[in-house]
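As you go down the protein sequences, you meet chains A and B in turn. One rule links them: number in our numbering = place in the first sequence (from 1) + 10. One rule links them: number in our numbering = place in the second sequence (from 1) + 92.
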Amino acid sequence: MKDNQIIELFWNRDKTALEEVQQMYHHLLLHIAKNIAGSMEDAEECVNDTYMKLWSIIPPERPESLKNFAARVVRNLAIDVYRKEKARGKGTDLPLIFDELESMFADGKDAYDEVEFQDLVNGFLSELESKERMLFVRRYWQGESIQDLVTWSGLKESAVKMRLLRTRNKFQEYLKEGGIQV
Amino acid sequence: MTGIELFEKMEVIEDQYIDESLSEDITFGKKKKHSWIWIATSVAAAFVLAFVGVVNAFPGVAVAMNDVVGLKELVQLVTVDESMKACLENEYAQYIGEEQIMKDGHYSKVYYVVADKTHISIFYKTDVPYKGAEYHHFANVFCDDESPIVSIWSANSYETDIKDLYELRITFLDELKEDMLPESIQMVIDFGKTWEDGYPTEEGGFIQQPEATATYEIQLDNVFFVEPIVYDIQEEIKLDGQRILFEKIEVYPTMTRLYYSEDSNNIYELMDIDVILKDDKGNEYEKMQESDMYIEDETGVIGTAIGFASSYFDENVSLQLEIRGVSWDYGTSPEQDVSYETKSVGGLPEEIELLGMELDEDKTLTIQFRVFSNDDLGYFYELYNVETGDYAETISMEKDTEEGYWIHVESIPYFKEGEYVFRWGKQETKKLDKPIQLQVK
Numbered sequence: 011m012k013d014n015q016i017i018e019l020f021w022n023r024d025k026t027a028l029e030e031v032q033q034m035y036h037h038l039l040l041h042i043a044k045n046i047a048g049s050m051e052d053a054e055e056c057v058n059d060t061y062m063k064l065w066s067i068i069p070p071e072r073p074e075s076l077k078n079f080a081a082r083v084v085r086n087l088a089i090d091v092y093r094k095e096k097a098r099g100k101g102t103d104l105p106l107i108f109d110e111l112e113s114m115f116a117d118g119k120d121a122y123d124e125v126e127f128q129d130l131v132n133g134f135l136s137e138l139e140s141k142e143r144m145l146f147v148r149r150y151w152q153g154e155s156i157q158d159l160v161t162w163s164g165l166k167e168s169a170v171k172m173r174l175l176r177t178r179n180k181f182q183e184y185l186k187e188g189g190i191q192v
Numbered sequence: 093m094t095g096i097e098l099f100e101k102m103e104v105i106e107d108q109y110i111d112e113s114l115s116e117d118i119t120f121g122k123k124k125k126h127s128w129i130w131i132a133t134s135v136a137a138a139f140v141l142a143f144v145g146v147v148n149a150f151p152g153v154a155v156a157m158n159d160v161v162g163l164k165e166l167v168q169l170v171t172v173d174e175s176m177k178a179c180l181e182n183e184y185a186q187y188i189g190e191e192q193i194m195k196d197g198h199y200s201k202v203y204y205v206v207a208d209k210t211h212i213s214i215f216y217k218t219d220v221p222y223k224g225a226e227y228h229h230f231a232n233v234f235c236d237d238e239s240p241i242v243s244i245w246s247a248n249s250y251e252t253d254i255k256d257l258y259e260l261r262i263t264f265l266d267e268l269k270e271d272m273l274p275e276s277i278q279m280v281i282d283f284g285k286t287w288e289d290g291y292p293t294e295e296g297g298f299i300q301q302p303e304a305t306a307t308y309e310i311q312l313d314n315v316f317f318v319e320p321i322v323y324d325i326q327e328e329i330k331l332d333g334q335r336i337l338f339e340k341i342e343v344y345p346t347m348t349r350l351y352y353s354e355d356s357n358n359i360y361e362l363m364d365i366d367v368i369l370k371d372d373k374g375n376e377y378e379k380m381q382e383s384d385m386y387i388e389d390e391t392g393v394i395g396t397a398i399g400f401a402s403s404y405f406d407e408n409v410s411l412q413l414e415i416r417g418v419s420w421d422y423g424t425s426p427e428q429d430v431s432y433e434t435k436s437v438g439g440l441p442e443e444i445e446l447l448g449m450e451l452d453e454d455k456t457l458t459i460q461f462r463v464f465s466n467d468d469l470g471y472f473y474e475l476y477n478v479e480t481g482d483y484a485e486t487i488s489m490e491k492d493t494e495e496g497y498w499i500h501v502e503s504i505p506y507f508k509e510g511e512y513v514f515r516w517g518k519q520e521t522k523k524l525d526k527p528i529q530l531q532v533k
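This is how it looks when you write it as structure tokens:
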């Protein structure tokens, strides 16, 4: 079933919508939640909460992409869980990802308002090649570990790390070109 | 903003890029077939280390383990890792000797730890109250929260047999600063039945529901985090117009690290160096698998370090680097058009040939290519939707009758003219006619 058909089910208050979402995106949502929340137990709870959240906000929401929408919801819920139970984050790459993000922004990380930040990040992504961009988003949006990226990309671990590092360097260059001190 | 706040703020990434990154389905527990056709270089996320046993000549540990059931089997085994063997022979190991025997018959014992600033290896045994290939154990290690060792390569052994001793090895992929050294680590061993497909799950486990779990808190003796012996090299070589600076080597008990950097003006990306270390005694120290490390400072990447077998315990007078070859990535071509109407793919190199296209009733386009790829020279490609980022699915790859060539079959569901593009690249490994020698010590 396509996204728009599932959204129609939501709008018709047909509970098979949830079964369809589960069938289509359960593994994807679980994957994102596990990346961030750290434990499978928490991840499953996040995914269940995501289904409930979708049920409560569609309608009135009518997302263009149900997949993206659900992924954003589960990501936010998983971040909340991570904040509450940092210790559960053991075994994830999140602390390393946080370090990498901080190094990208360096001293300029407090210098942007919401709009600037949005323009900055999306402007940068628009200039990247697809492969680099996907690695970047999987790492810094999905919270994927290096090993997951290795498995996904088929690249060597060293190559994944190198590509991410180069992308972070490019980001710093991008900030400098825009006159932003890093 | 803190790291987590920055991560949270990445929420602003637009839908088109999220969609692109999500466009390839995540399949839990199975290796994902990917679009890059350089398949030969694919690696699994988890792997099993070759068994590493204990040699007879390890009196310190042998004495401590005299009361251990199965010791005879343990000390009769011979390690295949020469560096680890040297550590054991020189009593460079911390005895742990803790065991857990559960009522239901699950058993485990941690014997000892070999650690330095590049590795931590834990040697342990397990046994289960049932037999059969579908049952395994899965071990993992956690460092405590205050020791920020987050970039590790963890290898897990999972065959269960009382006669086997397992090594769980953690390789640090970052330079380990003094304040990063862990004081303790937690090892968790789960026992249970494996998944039917034999692949690990997303949470990293090879087993379904753990039937038993053993947890060990291991205090590490910091006398084993010795300083390395350092030799400066600072020699630059030029190959194919690209410059590589060999900076230094650091010799640790379990491995040696060679540091080098690529000139920022290089056009090609250095993928690999075929290099060994030799000493005056005729010993040759070869590269270790999965030991590459990237060195960064606040400006970004400043170099690479690769690992070799260690000469730490060898009494040699001189050490020499011998560079035998390099592997380059020459970059990728511009995006080219893919057309079913003209049955063509633009800008193909001679080594990638389009054999045919078929569009079936369901609008699935099947494309067949003939691609050259061997151990030394490989062409790879990407075939993807420029709008959605969806990649064509590789249906099959079979060897062609002509040496070095492969037949690839790609499938694109719901194909529409003009949506898909093609891009190719080339990687090459070159052997040097005359190896380059650099004196290290």
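Ideal placement from N, C-alpha and C gives every residue a C-beta, glycine not left out. This one's a predicted model, so the numbers in the text were calculated from it and none came from an experiment.
Chain B places a beta carbon closer than 7 Å to that of A/GLU112, counting this residue as a contact.
Three or more beta-carbon pairs separated by less than 8 Å link the region 57-66 of chain A to the region 82-94 of chain A, which places the two stretches in contact. Interface criterion not met: the Cβ of A/ARG72 is under 7 Å from no Cβ in chain B. Here A/GLU51 is exposed: its Cβ has fewer than 16 other Cβ atoms, across all protein chains shown, within 10 Å.
Taking a C-beta distance under 7 Å as the contact criterion, B/GLU342 and B/ARG349 qualify as a contact pair. Not a single CB atom of chain B sits nearer than 7 Å to the CB of A/ILE68. Per DSSP, B/ALA401 is not a residue of any beta strand (DSSP E), being assigned neither H nor E. Here the C-alpha atom of B/LEU475 lies approximately 13 Å from the C-alpha atom of B/LEU446. About 6 Å separates the CB atoms of B/SER425 and B/ARG515; that is less than 8 Å, so the two are in contact.
Straight-line measurement puts the Cα of B/MET363 at about 15 Å from the Cα of B/LYS330. Using beta-carbon distances, A/ASN132 counts as an interface residue toward chain B, with a partner under 7 Å. Shortest Cα-Cα distance from B/SER113 to any of A/LEU185, A/GLU139, A/GLN182 and A/ARG178 involves A/GLU139. Distance from the CA atom of B/GLY395 to the CA atom of B/ALA401, rounded to whole angstroms, is 20 Å. Of the candidates B/GLY95, B/PHE264, B/MET489 and B/LEU530, the residue whose Cα lies closest to the Cα of B/ILE387 is B/PHE264. Residues of the same chain with a CB within less than 8 Å of the CB of A/THR26, apart from the 5 flanking positions on each side, are LEU19 in chain order. With the criterion set as a beta carbon lying under 7 Å from some beta carbon of chain A, the region 396-424 of chain B has no members that meet it.
In the three-state DSSP reduction, A/ALA27 falls in the helix class (H, G or I).
For a Cβ distance threshold of 8 Å, residue set GLU74, SER75 and ASN78 of chain A lies close to B/ASP107, ordered along the chain. In the DSSP assignment, B/MET363 falls within the unbroken beta strand (DSSP E) covering 361-371.
Within chain A, the residues SER75, LYS77 and ASN78 have their CB atoms less than 8 Å from the CB of B/ASP111, given in chain order. A/TYR92 and A/GLU112 have their C-alpha atoms some 18 Å from each other. Counting only runs that start and end inside the region 325-355 of chain B, the beta strand (DSSP E) elements of at least 3 residues fall at 334-343 and 348-354. CA-CA distance, B/LYS379 to A/GLU110, rounds to 28 Å. Contact of A/LYS63 with chain B is not assigned, every C-beta pair being separated by 7 Å or more. With its beta carbon less than 7 Å from one in chain A, B/ILE96 belongs to the interface. Taking a Cβ-Cβ threshold of 8 Å, none of the residues of chain A is close to B/MET347; the smallest such distance is about 15 Å. Cβ atoms of A/PHE108 and B/PHE99 come within 8 Å of each other, at about 6 Å.
In the assembly as shown, B/TYR351 is a buried residue. Its beta-carbon has 16 or more other beta-carbons within 10 Å. Among the residues of the region 463-477 of chain B, those with a Cβ less than 9 Å away from any Cβ of chain A are GLU474 and TYR476, in the order of the chain.
Secondary structure in the region 69-154 of chain A: the alpha helix (DSSP H) runs of 4 residues or longer, each lying completely within the stretch, are 76-94, 104-115, 124-137 and 140-150 in chain order. Across the structure, B/GLU361 and B/ILE504 are spaced so that their CA atoms are roughly 31 Å apart. For B/MET449, there are no C-beta contacts with chain A under 7 Å, since the nearest C-beta of that chain is about 23 Å from it. Scanning its chain for C-beta atoms nearer than 7 Å, with the 5 sequence neighbours on each side dropped, one finds around A/PHE181 the residues MET114 and PHE134, in chain order. Taking C-beta separations shorter than 7 Å and ignoring five residues to either side along the sequence, the partners of A/ALA47 in its chain run ALA53, CYS56, ALA88, VAL91, TYR92 and ARG98, following chain order.
Here A/PHE181 carries a helix assignment [DSSP, helix/strand/coil].
Look at the beta carbons and you see the region 410-428 of chain B not touching the region 196-208 of chain B: under three pairs across the two are nearer than 8 Å.
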